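Asker:
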Amino acid sequence: SGSSSSGTTSAAATTAASSAQSAASSAATGASGSAGAAAEPSLTGDPSSVKVGLAYDIGGRGDQSFNDLAAASLDKAKAAGVTVVGELTAGAGEPDSAKTDRLNQLVDSGATDIIAVGFAYATPLGEVAKANPDVHFAIVDDSSLADVPNVASLTFAEEQGSYLVGVAAAKKSTTGKVGFVGGVNTPLIQKFQAGFEAGVKATNPSATVTSKYISEPPDFSGFNAPDKGETIATGMYNDGIDVIYAAAGGSGAGVFKAAKATGNYAIGVDSDQYNIPSLADVKDVIITSMLKKVDVATWDFIASAVNGEVISGQHVYSLKNDGVGYSTSGGFITEYVPDIEKAKAAILDGSITVPSTVG
Amino acid sequence: MSPDATPTGAPPTRSPGSPAGPAAVELTGITKRFPGVVANSDITFSVRRGTVHALVGENGAGKSTLMKTLYGMHQPDEGTITVDGRQVTFHSPADAIAVGIGMVHQHFMLADNLTVWENIVLGSEPVSGGRLDVTGARTKIDELARTYGLAVNSGALVEDLGVGARQRVEILKVLYRGARILILDEPTAVLVPQEVDELFGNLRELKAEGLTIIFISHKLDEVRAIADEITVIRRGTTVGTADPKAVTNRQLAEMMVGSALPVPELRESTVTDRVVLELSGVRVGGGAGERDVLSDIDLTIHAGEVLGIAGVEGNGQAELVDAIMGIRPIAGGTIELAGRDVGHLSTAARREAGVGFIPEDRHRQGLILEGSLWENRILGHQTRRPAARGWLIDRAAAKADTRRIVEAFDVRTPGIEVTATSLSGGNQQKLIVGREMSEDPVLLIASHPTRGVDVGAQAAIWEHLRNARANGLAVLLISADLEELIGMSDRLTVILRGRLTGTYDPRSVTPEQLGAAMTGAGEDAAAPAPEVGQ
Amino acid sequence: MSVDSDLAVPLPTSPRRARNLTPVMWLGIVAIGIAVVSLVRIWTGANNLDSSGAIQAAITAATPIALAGLSGLWSERAGVVNIGIEGMMILGTFGAGYAGYQWGAWAGVAFGVFCGLLGGMLHALVTVTVGVDHIISGVAINILAPGLALYLSRLLFTDAPGGGQRQSPPVPDVGRITLPWLSDWLGEIEDKGWFFVSDLAGILRGMCTNLSLLTVLAVVLIIATGFVLWRTRLGLRLRSCGEAPYAAESLGVNVYWYKYVAVMMSGALAGLAGSFLVVGLKFQDGQTGGRGYIGLAAMIFGNWRPGGMALGASLFGYTDGVQQYDASGSAMRAFLVLVAIALLVVAVLQYRGGHRIVAGVAVVIAALCLWWFAATDELPQQLVKAAPYAITLLVMALASQNLRMPKADGLIYRKGGH
Amino acid sequence: MIGTRWRRFLLGAAAPVGALAFSVVITSLLLVTTGHSPAEAFGAMAGAFERSRIILGTVNQSAIYYLSAVAVAIGFKMNLFNIGVDGQYRLAAMLSAAVAGAAWMSSLPGFLRVAITLLVAMAVGAAWAGVAALLKVTRGVSEVISTIMLNAIATFIIAYLLTPQRLAVLDGNNISTPKITEGGQLPVIEFTGSTTPLYSLVLLALLVGVLYALMLSRTVFGFSLKATGLSESAAIASGISVKRMVVSAMLLSGAVAGLIGMPELLNGTAASYSLNFPTGIGFTGIAIALLGRNHPVGMIFSALLWAALDSSANALQGVGVPRELVTIMQGVIVLSVVVAYEFVRRYRLTLEAKDVARALAAKTAPAVATKGASS
Ligand SMILES: Nc1ncnc2c1ncn2[C@@H]1O[C@H](COP(=O)(O)OP(=O)(O)OP(=O)(O)O)[C@@H](O)[C@H]1O
Ligand SMILES: Nc1ncnc2c1ncn2[C@@H]1O[C@H](COP(=O)(O)OP(=O)(O)OP(=O)(O)O)[C@@H](O)[C@H]1O
Ligand SMILES: [Mg+2]
Ligand SMILES: [Mg+2]
């Protein structure tokens, strides 16, 4: 887990330049203020006043994906003196009641602020939040509870970040054929696909994007089936595709392996995977990663709690507030950064609206 | 103990010119207990080398148990085993085999899906260079088969063999291991006279070779025919030895059970002219490409008549029964029950129409061994009163009727809640007979109704058949026991290769004639007698 | 299909039920198969039907299933049903991950095999020594194993560099064979796109390029199993325990011992199957993904015989491999044509065999496949993923069924119990 | 026989209790060797049940498990291994949820909507199981294979149908069938002091259990089912059509499987089939059926035990013990319970054999008169 936080710090560094400018959406200001401060904690209040509880999705701490990013900011908070009353992980295929109980248990153990990672918690958290109006909640990847007063919905514009790496892919590709490998075929991952395809097409209309998913829900093994990721990617590379965007959690490792074996490129996801130790031997095929800063979002929530102005309502982490982005580690895409930034600007000024569903 | 001691408690017996010297087998004070049962208590038993020694006793007397002890399949709780003068203890059959003991079991011990040679060499396989020496094994087997006249095709799958051949394979298994002492537990139970004679021929050969044979059978004529000496055990203890030359069946039976030997016989004919079962031109296919297993079968059974079917096992009896019961579809012809065509009804429908069925294998077809007695009472009657009312089971009625059967048929059991396994074969059989005779059927299919059942149970079952017949029951009787067949039938017909080859009058026909007809030898001899009973 | 040719060596079968096909006839059948595939490839332009890459993918997918099937075959031949293969595979994946990242690939394989063997031992202890229902024991092991693996994984891998709570650090790969210029030369021929020749080249290339040593080992093990079980003393005794344990006992065979040998062998093979998934990647929770069950299915499919089992595993592996590898989706669409042709062949055979209805059903399904092929130019991903399962089921349903499981399979044996 | 009955009961109880203790010992060893305090761990697990919501949650979950167990047990009773319950209930839940959420339903009266939902679920479950049954009786395909395959195929069919183009609607990052509108669900029983209500469909589970028990002990069908399971050859000889039994047993099993998803769908808060719908209950059902030895009452206890262990997983994590400890315990319990049952069974057989022998000895005592007659 330490790995991924280090990954994000460098990610924040690489994209700090653009993190200054942010629009006036009330939601965004609160977020972007702390987003800018994501690199090092800026706590004005008394950390010990806050008791945080964290409920992970199935992956749990150590999934080397978005659960880990949440864990990272939790560790940071701990280091800053915040009390962590509990970290609980979901079981596979469990009923909602188990999630409800998980959240309730965190409440019982005295948590003042509770973070639930993953949209799977939406329904349970809705109940628990109603039952405990004096406890503050945050839920990652869900917006259905935006109007519950004591809930902060932390969602991401994955399609925007994906659009940018799509631009990079289109530029990097010499064959004009790029690929997308999704972990599990869910709407959430389809957002990555939609943005990516749009980015590629916008950059090189003649380019083709081949998209494939490893598993179908409710079989979530697609997020940790590197062997299948490798087979699929190999098939794509041998088919003339030379850049693949792997939005597949742990299965990404297989994609990178295939890229290395066939001498092609790949794009990482969530954190800057170029800097993840377990991927050290394939880092030189990871030209960039789409950054989904779950750590920033969760940190914003914790920090706001400590600072006594706990956030609630909908918080969309987008390019605007630098909640999503792309990494440049390894310098594979340095020459394309101008184009990418142009696209980014266009998205920010609204001249491009990125689709979030696949047509 | 000293080699030439004579078994205690048994009077010295005249030995028909057989080699002296230490006894081949000497069992002394053997006691074997099973949970709740003392199968053998202080048995003393001695067999002289180069003789055929018969062991007789009713069901559950402890014969098999004693032999299993001698073969090392289980260890005695007390007592010693001496082989050729040396005292031995067996931990497994391997040990017994090592000192030259071989056993042919009461129930076949063969792997159907393996070849004959595989079955024979199993456990003492010849290997050359890591792999099985197939050719070596088969030549040795074929040689053995030739020397002792035990014809088998060593390459065939066992499941394709008839009972006779299987019996020969069992004996070859023993010979292959160079056994000098053979134990044969009820080897003739499933054989017809000709096969029995063949077997006895082989046994005499072996005896001439100097082998020692221990022979178990319920058929006292056979015992007296082959044995040099007889030991009788009752309820787990030796009650004495007898000289086959001198002793009579009656005396033996009395030693076995302390009562007279029952004889199968019908009193005056009760045959009516009311036809109950009529098969005409019935054909049963043998499945993909095989020849028919039954072809143009015509037979008629009248009320009050017992029709006996004689035949070497595997000539279509089983198929005939299956066809009548609706277990096998018929490929042609008609089956009429009391004038009604039932040829295409389900088994259930036929049973409801009044067909009772005593299957040949009580353990496979007759009972649910793990089921209680009263549940077994329901079996086959699950759609009829008293067992069922509509689609509901009437437990109370079923239990009541089970008690009735236990009473009427003298089933030895502590209650009707115990599982069927815990009954001995004979008692299991009585339960089945009782069940199949309830709800007074019009037709009873009885195949091997008294197989492996002791004299007491035998007598009871025969008596029940007679009474039912007197009340107008029509019976199709199939049995390997020709004495039973001749004694209990009003009319006999022989089945050979899936055809009915002739009808005989049981009052005139002899077992030899029948045997000849059954094996096809007598097709020209023993001209069919005129139809009787109509 | 084509990949089978090397696995489906005609193995000794009991005289009567022998599929009396000589090696030559096998080659003939395979050749015809390749020709048909080739035609379909040329017609539809779906090169991934038998491109070397697709064949590699197929082999990768088939290997763990074949090993799992072999695992089942060993224990069931000795009369012990092993539903617990999945669990034993999971133990294997954990073992391979644990030893693999520290001491190298082969150490991983060895320890993976060992962990699987422990699973087998447990199964043997419960089913053979205690005499509990085989299915219960297997199910219990399938519950126990993943829990234990994940529990230990959290404990041992979380702080290992590059490891996580649910995954081990990366494990190096075992060696992979590529026949140097042969591979390239075949590659050239393959690229020509000639009828039959290029297909053959592609298939051969797929088999001699980047082939994992564990796959080679698996093939060897399959053939060796055939030899050991049908040609040696051990094999005869072991099979006799599955056919008629009491007969074996009465001839002095120590049935318990041979059942133990078989079930432990079964566990070891399951462990190997698990290791195969780990080497070159890493241990991951939920990595086996039901392959143990598929292996079991392949074994039943193959009538408890190595050759048939390999055939089943290859059929599934081929479909699954192509399905994953085929980026454009054209191959899976072309697959509909292949299935249709296969079904029509089945229909003819079944009609000849007098099974009119079956033949009819086959024709109808074939027609549906062709219609689907014509109607769409891209199949929905979700349904494409179902192809391996659907096709296996289809074959089971339409191929003639004279399966023959060991007679005492799944029955509880007690010494002296008869 | 009263004595025997008592003995039966005592022996029957002895096994599970002993086994439970054994599994506690095993898991304690595991805990100690991995540096946790068993006392603390089991304390936490036990402590969880001071909260009423855990108890109610356990009851709800056990009802769901029980339905699954019954579905599996119906097959087991005649040696049919229906591994496919998992696929059957998921397909059934998905399609019935789609029907229940369909717009035209909201115009119907509540009880009718619920009835339709339940019927659709049972029909779909039965149909999916029927495929396996059909393949078995017509083509002799082992139901083990076919149901394994059908499970996978069900997953993909669901994935195919659960898309906005077809039966589903997007719900943020989730996707689900249209939510069941007011009146389409069943009321739940609220308890003060518990955030979790009691599912009214727990009653459905009980009803199914009672029907299962009656079916087995009181009906001809049940008798035939058991008979076929205990001895197929004997069943055939007694006029039971095995093929018909296979088909009807599979259909029945599938229909019950179809109900597994109903408590969650008709009592749950989600009121739809979404990506979060519980999975894997079919496999849990196999374990529970085996643990409860297919006995209507036995399975109640094993379902409760299983659900209780599940719901203590969170508390366990509370004290820093990985939740998998629960899974391990469950595995160990299944193993040790069946081992214990086996020993008890043997002991019981021995006692029974003794009874028989005693009774026979009593009856046949006089017959032993004549002794050692010889020629
Ligand atoms: N394995 C066993 N377990 C418990 N009791 C047994 C066992 N085998 C035999 N018995 C008991 O020992 C008695 C003797 O059985 P055994 O089989 O030796 O009789 P038998 O003389 O061979 O009968 P049969 O003539 O029918 O073969 C049986 O009646 C039974 O009560
Ligand atoms: N393996 C066994 N376990 C328990 N009891 C047994 C066993 N084998 C035999 N028995 C007991 O032995 C008695 C009868 O055994 P045995 O086989 O000798 O009777 P039988 O009359 O020969 O029956 P069959 O004719 O079917 O062999 C029964 O009480 C039975 O319970
Ligand atoms: Mg007997
Ligand atoms: Mg006997």
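Sequence order for the protein chains is S, E, V and W. So for the first sequence, my numbering puts the first residue at 1; every next one is plus one. So for the second sequence, my numbering puts the first residue at 1; every next one is plus one. So for the third sequence, my numbering puts the first residue at 1; every next one is plus one. So for the fourth sequence, my numbering puts the first residue at 1; every next one is plus one. Beta carbons are placed, not taken as given, at the ideal position from N, Cα and C, and that holds for glycine. Just so you know, these numbers come straight off a predicted model, no measurement behind them.
#1: So the alpha helix (DSSP H) V208 of chain W belongs to, where does it begin and stop?
#2: Rounded C-beta distance between V82 of chain S and I302 of chain S? I'm assuming under 8 Å.
#3: Tell me which same chain residues have a C-beta within less than 6 Å of the C-beta of G487 of chain E, skipping the five on either side of it?
#4: For chain V, is any of its Cβ atoms less than 8 Å away from the one on I287 of chain S?
#5: Measuring straight from C-alpha to C-alpha, what distance separates A98 of chain S and N314 of chain W?
#6: Among V:G175, V:G163, V:L204, V:Q167, whose alpha-carbon lies nearest the alpha-carbon of W181 of chain V?
#7: When you compare the CB positions of I83 of chain W and N151 of chain W, do they come within less than 8 Å of one another, or not?
#8: The alpha helix (DSSP H) with M396 of chain V in it runs from where to where?
#9: Relative to chain E, which residues along the segment 206-225 of chain W have a C-beta separation below 8 Å, given in chain order?
#10: How would you label D134 of chain S, buried or exposed, when you count the other beta carbons within 10 angstroms and need 16 or more for buried?
#11: Output, in chain order, the set of chain V residues within a Cβ distance shorter than 7 Å of E216 of chain S.
#12: Using CA coordinates, which residue listed in E:I368, E:G390, E:E436 is at the minimum distance from D401 of chain E?
#13: What whole-angstrom Cβ distance do L288 of chain V and T93 of chain V have, given they're in contact under 8 Å?
#14: Between which two residues does the beta strand (DSSP E) carrying G515 of chain E extend?
#15: Enumerate in chain order the residues of its own chain whose CB-to-CB distance from G333 of chain E is below 8 Å, with the five nearest sequence positions on each side excluded.
#16: Thinking K344 of chain S and L164 of chain S are a contact (beta carbons under 8 Å), I'd like their distance in whole angstroms, please.
#17: Helix, strand or coil for F196 of chain V, going by three-state DSSP, please let me know.
#18: Note down, in chain order, all residues in the segment 121-132 of chain E with a beta-carbon under 7 Å from any beta-carbon belonging to chain V.
#19: Taking A375 of chain V as the reference, give the member of V:L336, V:G108, V:Y98 with the closest Cα.
#20: Helix, strand or coil for A105 of chain V? Go by DSSP, reduced to three states.
#21: Taking the alpha-carbon of H464 of chain E as reference, which of E:P449, E:E58, E:S128 has the nearest alpha-carbon?
#22: From the DSSP output, read off the bridge partner residues of M121 of chain V.
#23: Anything in chain V within Cβ reach of T210 of chain S, meaning under 8 Å, just list it in chain order.
#24: Check each candidate in E:I213, E:R389, E:V312, E:D273 and name the one with the smallest Cα separation from V306 of chain E.
#25: Name the residue from V:Y246, V:A105, V:S137, V:K407 whose alpha carbon lies nearest to the alpha carbon of L290 of chain W.
#26: Report the option in V:V348, V:P161, V:R239, V:I141 whose CA atom is closest to the CA atom of M121 of chain V.
#27: Can you give the beta carbon distance from S162 of chain S to F196 of chain S, rounded, assuming they're within the 8 Å contact cut?
#28: Is E375 of chain E helix, strand or coil when you go by DSSP?
#29: Given a limit of 8 Å on CB to CB distance, which residues of the segment 166-180 of chain V reach chain A?
#30: Quick check on A160 of chain V: does DSSP put it in helix, strand or coil?
#31: Tell me which residues of the segment 233-245 of chain W have at least one Cβ-Cβ distance to chain E shorter than 9 Å, keeping chain order.
#32: To the nearest angstrom, how far is it from the Cα of A35 of chain V to the Cα of T319 of chain V?
#33: Can you confirm whether A381 of chain W, when its beta carbon is compared against all beta carbons of chain E, has any partner nearer than 8 Å?
#34: What does M78 of chain W reach in chain V if we use C-beta pairs closer than 8 Å?
#35: For T82 of chain E, I'd like the list of residues in its chain whose CB is within less than 6 Å of its CB, leaving aside the five on either flank, ordered along the chain.
Answerer: So, to answer that:
#1: Numbered from its first residue, the fourth sequence carries residue 208 of chain W at position 208. Here the alpha helix (DSSP H) through V208 of chain W covers 202-218.
#2: For the purposes of this step, residue 82 of chain S is taken as the residue at position 82 of the first sequence. For the purposes of this step, residue 302 of chain S is taken as the residue at position 302 of the first sequence. Contact holds; Cβ gap of about 6 Å.
#3: Against the second sequence, residue 487 of chain E aligns to sequence position 487. For G487 of chain E, where only same-chain residues beyond five positions count, the Cβ hits under 6 Å are P264, E265.
#4: As a working note, residue 287 of chain S is residue 287 in the first sequence. It does not: the Cβ of I287 of chain S has no partner Cβ on chain V nearer than 8 Å.
#5: Along the first sequence, read from residue 1 onward, the residue named residue 98 of chain S stands at position 98. Along the fourth sequence, read from residue 1 onward, the residue named residue 314 of chain W stands at position 314. A98 of chain S and N314 of chain W: Cα-Cα distance of roughly 8 Å.
#6: As a working mapping, residue 181 of chain V is identified with position 181 in the third sequence. Answer by Cα proximity: V:L204.
#7: Counted from its first residue, the fourth sequence places residue 83 of chain W at position 83. Counted from its first residue, the fourth sequence places residue 151 of chain W at position 151. Yes; because the gap between Cβ atoms is below 8 Å, this pair is in contact.
#8: As a first step, residue 396 of chain V must be located in the third sequence, where it is residue number 396. M396 of chain V -> alpha helix (DSSP H) spans 381-398.
#9: S217, R218, T219, V220, F221, G222, F223, S224
#10: The sequence position of residue 134 of chain S within the first sequence is 134, counting from 1. Its Cβ having fewer than 16 others within 10 Å, D134 of chain S is exposed.
#11: Residue mapping note: residue 216 of chain S aligns to position 216 of the first sequence, counting from 1. Under the 7 Å cutoff, chain V gives Q382, K385.
#12: Numbered from 1 along the second sequence, position 401 holds the residue referred to as residue 401 of chain E. With respect to the C-alpha of D401 of chain E, the residue from E:I368, E:G390, E:E436 having the closest C-alpha is E:E436.
#13: Residue mapping note: residue 288 of chain V aligns to position 288 of the third sequence, counting from 1. Residue mapping note: residue 93 of chain V aligns to position 93 of the third sequence, counting from 1. It should be noted that the sequence gives Thr, not Leu, for residue 288 of chain V. The Cβ separation is near 6 Å, so the contact holds.
#14: Reading the second sequence from its first residue, position 515 is the one you call residue 515 of chain E. That residue, G515 of chain E, is in no beta strand (DSSP E); its alpha helix (DSSP H) goes 511-518.
#15: Indexing the second sequence from 1 puts residue 333 of chain E at position 333. For G333 of chain E, where only same-chain residues beyond five positions count, the Cβ hits under 8 Å are L279, S280, G281, V282, R283, D296, I297, G343.
#16: Working through the first sequence from its first residue, we reach residue 344 of chain S at position 344. Working through the first sequence from its first residue, we reach residue 164 of chain S at position 164. By a beta-carbon distance limit of 8 Å, K344 of chain S contacts L164 of chain S. Their separation comes to about 6 Å.
#17: In the third sequence, the residue the question calls residue 196 of chain V occupies position 196. In this structure, F196 of chain V counts as coil in the three-state DSSP scheme.
#18: L122, G123, E125, V127, G130, R131, L132
#19: Numbered from its first residue, the third sequence carries residue 375 of chain V at position 375. For the residues V:L336, V:G108, V:Y98, the minimum Cα distance to A375 of chain V belongs to V:L336.
#20: By 1-based counting over the third sequence, the position of residue 105 of chain V is 105. Looking at A105 of chain V - three-state DSSP - the assignment turns out to be helix.
#21: By 1-based counting over the second sequence, the position of residue 464 of chain E is 464. The shortest Cα separation from H464 of chain E among E:P449, E:E58, E:S128 belongs to E:P449.
#22: By one-based count along the third sequence, residue 121 of chain V stands at place 121. Answer is none; M121 of chain V lacks a bridge partner.
#23: Against the first sequence, residue 210 of chain S aligns to sequence position 210. What T210 of chain S touches in chain V: A327, S328.
#24: Taking the first residue of the second sequence as position 1, residue 306 of chain E is located at position 306. V306 of chain E has its Cα closest to that of E:D273, out of E:I213, E:R389, E:V312, E:D273.
#25: Here residue 290 of chain W refers to the residue found at position 290 of the fourth sequence. Considering only alpha carbons, the answer is V:S137.
#26: Counted from its first residue, the third sequence places residue 121 of chain V at position 121. Of the candidates V:V348, V:P161, V:R239, V:I141, the one whose C-alpha sits nearest the C-alpha of M121 of chain V is V:I141.
#27: Start at 1 with the first residue of the first sequence, and residue 162 of chain S comes out as number 162. Start at 1 with the first residue of the first sequence, and residue 196 of chain S comes out as number 196. Yes, they are in contact, since the Cβ atoms of S162 of chain S and F196 of chain S sit about 4 Å apart, within 8 Å.
#28: Looking up residue 375 of chain E in the second sequence gives position 375. Reduced to three states, the DSSP call for E375 of chain E is helix.
#29: Looking for chain A here will not work: the only protein chains present are S, E, V and W.
#30: To locate residue 160 of chain V, count along the third sequence from 1; it is residue 160. A160 of chain V carries a coil assignment under DSSP once its states are collapsed to helix, strand and coil.
#31: S233, A234, A235, I236, A237, S238, G239, I240, S241
#32: Counting from 1 along the third sequence, the entry for residue 35 of chain V is found at position 35. Counting from 1 along the third sequence, the entry for residue 319 of chain V is found at position 319. One C-alpha to the other measures close to 18 Å.
#33: Examination of residue 381 of chain W is not possible in this model, given that chain W is present from 1 through 375 alone.
#34: Working through the fourth sequence from its first residue, we reach residue 78 of chain W at position 78. Chain V residues near M78 of chain W: none, gap ~14 Å exceeds 8 Å.
#35: Translated into the one-based positions of the second sequence, residue 82 of chain E becomes position 82. Cβ within range, chain order: E26.
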